[in-house]
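When we follow my numbering, the leftmost residue of the sequence shown carries the number 205, and every step to the right adds one.
Notes follow once the structure below has been shown.
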Amino acid sequence: MTKKQNKSPVPFAPMDLSAGNVAALTVIAPTQGTTAYLPAEYPLKRASFIRRKAHLFIQAPESPEIMVPRFFSDSGQATIATEDGTEISRHMVLLMSNLSFRVDKVLSAMASTSKD
205 MTKKQNKSPV
215 PFAPMDLSAG
225 NVAALTVIAP
235 TQGTTAYLPA
245 EYPLKRASFI
255 RRKAHLFIQA
265 PESPEIMVPR
275 FFSDSGQATI
285 ATEDGTEISR
295 HMVLLMSNLS
305 FRVDKVLSAM
315 ASTSKD
């Protein structure tokens, strides 16, 4: 059984970071199947990366949450980047998301033991 490849273009409009709606979830579509581009103003260097199955969620202070669908799938894009040139490979994102998950688990365990 083979997966059907969706080659239809996904409409994309630049994200307005000045709107101040940090509760919004924005979906970023890959460009040419290799890179997902975030707006130049997005604070990628201060962002945290969360893996939920094959999808990547990016959260940064005072910025909307971004979802990159199928980032960790075999056919997913290899990097994320901002329009101003900051680029992070899929392997680095995977490493950071795994580390974030482990640190979060340790902090949660420490918090629960300190309450006792």
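Just so you know, even glycine gets a beta-carbon here, dropped at the ideal spot from N, CA and C.
Identity of the residues DSSP links to residue i by a beta bridge
i, result
"residue 315", "Bridge partners of residue 315: none, in fact."
"residue 285", "241 and 291"
"residue 252", "263"
"residue 307", "Residue 307 pairs with nothing; no bridge assigned."
Beta-carbon proximity list for residue i, same chain, < 6 Å, skipping 5 on both sides
i, result
"residue 288", "244"
"residue 304", "252"
"residue 292", "284"
"residue 290", "248"
"residue 232", "240, 270 and 272"
Burial state of residue i (16 or more Cβ within 10 Å)
i, result
"residue 209", "Because the pLDDT of residue 209 is 45, which lies under 50, any placement of that residue in the model is unreliable, and the question is left without a value."
"residue 313", "exposed"
"residue 297", "buried"
Straight-line Cα distance separating residue j from residue i
i, j, result
"residue 264", "residue 301", "14 Å"
"residue 273", "residue 259", "5 Å"
"residue 257", "residue 277", "9 Å"
Residue range of the beta strand (DSSP E) that includes residue i
i, result
"residue 270", "269-272"
Same chain, Cβ closer than 7 Å to residue i, five either side skipped, listed in chain order
i, result
"residue 250", "264 and 265"
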